[in-house]
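Written below as structure tokens is the structure these notes are about.
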């Protein structure tokens, strides 16, 4: 079943992947701008606030810091370094945080849909229910921007077997729920075409949150990860994804480490600083499929 969905392809036997202008790596930086409900629906398979009976003010407030403070600090860094971002966005934020939405539009940030709320999970959803949620996300994005939604990453990395088929059906181009490669890959869907763009769970500041290390070590992980893929990309292009959460790396004691790691990347030759949509579009343009 897995091979039917994502055909196995050893990276060493694929035709060489070439990026624009001969770049070795395509680098996309992904701030996750999320909204966690203060009083979410009764938990099913997972409780978003398991520390104590709801409300968990500490849990909620920690995440809220990211939208109040951390994101703005992170924007200052990406602005200074000239980095285009792809925001992993809960669609409810269009109404909850208009100031954030305005700042994203001013910067022409790409949008990767992250569901509606980060406390409303897709695990166990019936196909029709999930289809309706995806359609609502597409319509919300069109209503606020006039554009077609291009990318999908399920809320809190929760998804169903049907998710790839449903996002392709909705006209979405690229998909980030699978963390299985260092290059874009094809995903088999019932209709249309869907490309996976590598998203990272390893070079992801959530690791700082869950494991006993801090911002300095995470920054070293970023540079080590980048250096390896930059070397490998000399003959066969790679994708570097740096996944961030403003409530984690946006803190004063971590932001400097993040800036130093990102500066290490932007000062290197052979780097394509880009977005999820542009990676997908380039891959598709270089790998056309016959109609019919």
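Numbering (full-length UniProt numbering), first residue to last: 1 to 292. Beta carbons are placed, not taken as given, at the ideal position from N, Cα and C, and that holds for glycine.
CA-to-CA distance, residue j to residue i, given in whole angstroms
i, j, result
"residue 294", "residue 64", "With the chain covering 1 to 292 only, the question about residue 294 has no answer from this structure."
"residue 242", "residue 126", "32 Å"
"residue 22", "residue 236", "10 Å"
"residue 274", "residue 53", "42 Å"
"residue 220", "residue 269", "19 Å"
"residue 286", "residue 162", "27 Å"
"residue 215", "residue 252", "10 Å"
"residue 28", "residue 203", "12 Å"
"residue 74", "residue 32", "11 Å"
"residue 239", "residue 145", "28 Å"
"residue 25", "residue 196", "16 Å"
"residue 224", "residue 200", "14 Å"
"residue 179", "residue 20", "23 Å"
"residue 76", "residue 3", "43 Å"
"residue 158", "residue 164", "12 Å"
"residue 129", "residue 102", "30 Å"
"residue 108", "residue 83", "11 Å"
"residue 217", "residue 81", "21 Å"
"residue 37", "residue 62", "12 Å"
"residue 209", "residue 254", "12 Å"
"residue 187", "residue 98", "34 Å"
"residue 42", "residue 56", "14 Å"
"residue 147", "residue 104", "15 Å"
"residue 174", "residue 5", "15 Å"
"residue 232", "residue 181", "14 Å"
"residue 106", "residue 9", "40 Å"
"residue 176", "residue 79", "25 Å"
"residue 267", "residue 222", "14 Å"
"residue 11", "residue 228", "15 Å"
"residue 115", "residue 100", "17 Å"
Beta-bridge pairing of residue i - partner residues as DSSP gives them
i, result
"residue 26", "239 and 272"
"residue 31", "244"
"residue 185", "196"
Same chain, Cβ closer than 7 Å to residue i, five either side skipped, listed in chain order
i, result
"residue 156", "118 and 121"
"residue 131", "166"
"residue 170", "134, 135 and 138"
"residue 35", "90, 92, 93, 96, 117 and 118"
"residue 265", "27, 226 and 271"
"residue 66", "245, 246, 247 and 250"
"residue 289", "193"
"residue 234", "24"
Own chain, CB closer than 6 Å to residue i, minus 5 neighbours either side, in chain order
i, result
"residue 112", "86, 88, 151, 153 and 276"
"residue 168", "189, 192 and 194"
"residue 206", "none"
"residue 185", "196"
"residue 230", "24 and 25"
"residue 256", "none"
"residue 213", "none"
Own chain residues within Cβ distance below 8 Å of residue i, not counting five before or after
i, result
"residue 149", "111, 113, 137, 138, 141, 142, 170, 171 and 172"
"residue 51", "58 and 59"
"residue 40", "48, 49, 54, 117, 119 and 120"
"residue 30", "85, 86, 87, 88, 112, 199, 241, 242, 243, 244 and 276"
"residue 284", "173, 193 and 195"
**Request:** Note down, one range per segment and in chain order, each alpha helix (DSSP H) of at least 4 residues found wholly within the region 187-267.
**Result:** 206-210, 215-232, 246-249 and 252-266
**Message:** Below 8 Å, how does it come out for the region 232-247 and the region 56-74: are there three or more Cβ pairs, yes or no?
**Reply:** yes
**Item:** Cβ contact (3+ pairs, closer than 8 Å) linking the region 278-285 and the region 256-269
**Value:** no
**Prompt:** Pairing CB atoms from the region 11-26 with CB atoms from the region 90-110, are three or more of them under 8 Å?
**Reply:** no
**Uninterrupted alpha helix (DSSP H) stretches inside the UniProt domain "NodB homology" (63-174) (no shorter than 4 residues)** = 71-81, 93-96, 98-106, 127-145 and 163-169
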